[in-house]
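Have a look at the structure below, then the notes.
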Amino acid sequence: MHSPIPDDYSTSCAPAIALRGISKRFGAVKANNDVDLTVARGEIHGIIGENGAGKSTLMSILYGFYEADSGSISVKGELVDIKNANDAIAVGIGMVHQHFMLVDNFSVLENVMLGAEKSFSLATSVSQTRKALAALSDQYGLAVDPDAITGDLPVGLQQRVEILKALYRGAEVLILDEPTGVLTPQEVEQLFDILNTLREQGVSVLLITHKLQEVLAITDKVSVMRAGTMVAERTTVDTSKEELAELMVGRKVLLHVDKSPANPQQTLLDVVDISWTDPRGVERLKSINLQLRAGEIVGVAGVSGNGQTELLSLLAGIAPVQQGHLNVCGTRVDATSLLDAKSFRHLGVGHVAEDRHRMGMVSAFSARETAIMGFEESDAYKSSGVAGALGLMSSSRVTEHCETLMAQFDVRPADPHLKSANFSGGNQQKLCIAREMEHQPKVLLVGQPTRGVDIGAIEFIHQQLVELRDAGSAILVVSVELEEVMSLCDRIVVMSEGRIVGEMESNEADAQRLGLMMGISSTSETRS
3 MHSPIPDDYS TSCAPAIALR GISKRFGAVK ANNDVDLTVA RGEIHGIIGE NGAGKSTLMS
63 ILYGFYEADS GSISVKGELV DIKNANDAIA VGIGMVHQHF MLVDNFSVLE NVMLGAEKSF
123 SLATSVSQTR KALAALSDQY GLAVDPDAIT GDLPVGLQQR VEILKALYRG AEVLILDEPT
183 GVLTPQEVEQ LFDILNTLRE QGVSVLLITH KLQEVLAITD KVSVMRAGTM VAERTTVDTS
243 KEELAELMVG RKVLLHVDKS PANPQQTLLD VVDISWTDPR GVERLKSINL QLRAGEIVGV
303 AGVSGNGQTE LLSLLAGIAP VQQGHLNVCG TRVDATSLLD AKSFRHLGVG HVAEDRHRMG
363 MVSAFSARET AIMGFEESDA YKSSGVAGAL GLMSSSRVTE HCETLMAQFD VRPADPHLKS
423 ANFSGGNQQK LCIAREMEHQ PKVLLVGQPT RGVDIGAIEF IHQQLVELRD AGSAILVVSV
483 ELEEVMSLCD RIVVMSEGRI VGEMESNEAD AQRLGLMMGI SSTSETRS
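Numbers in the working numbering are just positions in the sequence shown, counted from 1, shifted up by 2.
Below is the structure:
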């Protein structure tokens, strides 16, 4: 039963937005099922749920990316018809996407003005935008140089530009999709200061996040979705991480990594004085030294873009060694070596790519094809008899293999023939991790293991990594999630500007200390 909005309800006290009975189906999947949501003016409202719970679909309907099959949307007490993003912007709804929608070689002012010019005269538009930016910056505490080139700004300031873009277009309701995924702890604090100012100025904020500690720190209310339905709403001060996690998943969830102390053995990966320069002549790695031993998980902490991606590519054999050398499971690799990623696999190196869509899977492939990528030559997938001798694969064996992995790693839906693109991010990640772990690699490189993954899947992925560690593998985890690094890893190194600027045991680490190291520049480098 939905609560109707009375005809005489004053728009001055009406909620900022009210969604009633929203339903949306994609084929056989009902992504939203009769969902209600009310957000007051000047309220920060969290939306949480597992991958595939329907929260992104609901926000996409509110912002006009999708049209609901049924239901209604009201803004300040008035029914509105939102068919596209322009309709949403026209009624005061803005959105800051997880991956910023900015033109890197444009200035801040040009990015804010783009598509929202106030005049046919460019000079007039620039002048008006400059004045409006100054006023918005003062009003909301969003200081940023309007003439700075956007691509040169740190991610925290780029995010400010996205918020300014929305406010410049008149947003009174702001949707933030996973806004802290690429921020340092200090930048998160700055973002929260901005959100508090927005709230004080009457702006309503919808915060989509997987990070329950952030929900508790900044929101006024939180709504929980599960399997396409809205299952609960809580006033934030009256709830806890444990309750919210259980509401999301439908069972009690372990919120810390349950593991015994590490028992490091022989060194399986030794990185010696590695430096690496990209094709444009930019030095991305600078004199990296790192050891990875059997029976331990080493975490690499740092803001994205500080050399972690290049380090993973080099250790996986994707990028060639230029300076220095590696010892990989007893084999020396240097600039004279002809080994590639396939050779590294044969040495016993597994690799879960940071960007699963670009490097970990082919979206158009079926799940069963994704489940054998990189291992197609394995005899386990070959046909019997002459066909197998000719190298032909058995369709039934490939299918059965995928079914087994899906059962072991709880991949949903358990359909080997479903396109990889049609799985939620968390289930795509589980499928990629299952593929690499199944072969019991001596060394496992894992980039952003739980990026975009819900709390239930995070718990499962962490358990699997600990079990692999305890079986004697050496694991390197690159993650921007400091809580994950501190909880999962046994030893932590911090990267900044292509260098390792600090190293410590995980029991010595805290977010503030790691965050300060992550901000160290090459001119102020210190070692813990």
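From the three backbone atoms N, C-alpha and C, an ideal C-beta is built for every residue, glycine too.
Just so we're clear, the structure is a prediction, and the values are computed from it rather than from any experiment.
Can the beta-carbon of residue i be found less than 8 Å from the beta-carbon of residue j?
i           : j           : result
residue 317 : residue 270 : no
residue 476 : residue 312 : no
residue 341 : residue 319 : yes
residue 57  : residue 51  : yes
residue 352 : residue 285 : no
residue 499 : residue 265 : no
residue 242 : residue 482 : no
residue 426 : residue 54  : yes
residue 181 : residue 105 : no
residue 171 : residue 118 : yes
residue 71  : residue 25  : yes
residue 443 : residue 332 : no
residue 227 : residue 38  : no
residue 373 : residue 446 : no
residue 34  : residue 59  : yes
residue 422 : residue 380 : no
residue 175 : residue 42  : no
residue 250 : residue 457 : yes
Helix, strand or coil: how does DSSP classify residue i here?
i           : result
residue 133 : helix
residue 91  : helix
residue 196 : helix
residue 435 : helix
residue 486 : helix
residue 118 : coil
residue 402 : helix
residue 504 : strand
residue 517 : helix
residue 271 : strand
residue 294 : strand
residue 427 : helix
residue 422 : helix
residue 276 : strand
residue 162 : helix
residue 285 : strand
residue 385 : coil
residue 300 : strand
residue 96  : strand
residue 123 : coil
residue 128 : helix
residue 396 : coil
residue 146 : coil
residue 255 : coil
residue 176 : strand
My assumption, with CB atoms under 8 Å, is that residue i sits in contact with residue j. Please give the rounded CB distance.
i           : j           : result
residue 497 : residue 430 : Actually they are not in contact, since the Cβ atoms of residue 497 and residue 430 sit about 26 Å apart, beyond 8 Å.
residue 246 : residue 61  : In fact, because the Cβ distance is near 18 Å, the residues do not count as touching under 8 Å.
residue 211 : residue 205 : Not quite, the Cβ-Cβ distance comes to about 18 Å (not below 8 Å), so this is no contact.
residue 113 : residue 167 : 7 Å
residue 116 : residue 132 : At roughly 14 Å, the Cβ-Cβ gap does not stay under 8 Å, so residue 116 and residue 132 are not in contact.
residue 478 : residue 302 : 7 Å
residue 236 : residue 224 : 5 Å
residue 64  : residue 21  : 7 Å
residue 48  : residue 173 : The Cβ separation is near 18 Å, so there is no contact.
By Cβ distance below 8 Å, which residues in the same chain neighbour residue i in space, the five residues on each side in sequence not counted?
i           : result
residue 196 : 142, 143, 144, 162 and 165
residue 275 : 289, 290, 291, 325, 326 and 327
residue 382 : 399 and 403
residue 8   : Confidence in residue 8 is poor, its pLDDT being 47 and thus under 50, which makes the residue's placement too unreliable to answer from.
residue 411 : 432, 433, 435, 436, 462 and 466
residue 405 : 416 and 418
residue 329 : 269, 271, 272, 274 and 335
residue 263 : 492
Sorted by chain position, which residues of the same chain lie with C-beta nearer than 7 Å to residue i's C-beta, five sequence neighbours on each side aside?
i           : result
residue 449 : 314, 354, 355, 356 and 480
residue 527 : Because the pLDDT of residue 527 is 43, which lies under 50, any placement of that residue in the model is unreliable, and the number read from its coordinates should be weighed accordingly. If we look at residue 527 and ignore the five residues flanking it on each side, its Cβ neighbours are 501 and 503.
residue 192 : 158
Among the residues of its own chain, which have a CB less than 6 Å from the CB of residue i, if the five just before and after it don't count?
i           : result
residue 201 : 44 and 46
residue 455 : 428 and 431
residue 419 : 368
residue 394 : 385
residue 485 : none
residue 279 : 285
residue 130 : 120
residue 194 : 220
At 3 residues or longer, and completely inside the stretch 321-383: list those beta strand (DSSP E) runs for me, N to C.
325-330, 333-335 and 351-354
Which full runs of the alpha helix (DSSP H) of 4+ residues lie inside the stretch 446-483, going along the chain?
457-472
Beta strand (DSSP E) runs wholly inside the stretch 3-79, at least 3 long, in chain order
19-28, 31-41, 46-51 and 72-77
Which complete beta strand (DSSP E) runs does the stretch 178-253 hold, if anything under 3 residues is left out?
206-210, 223-228 and 231-237
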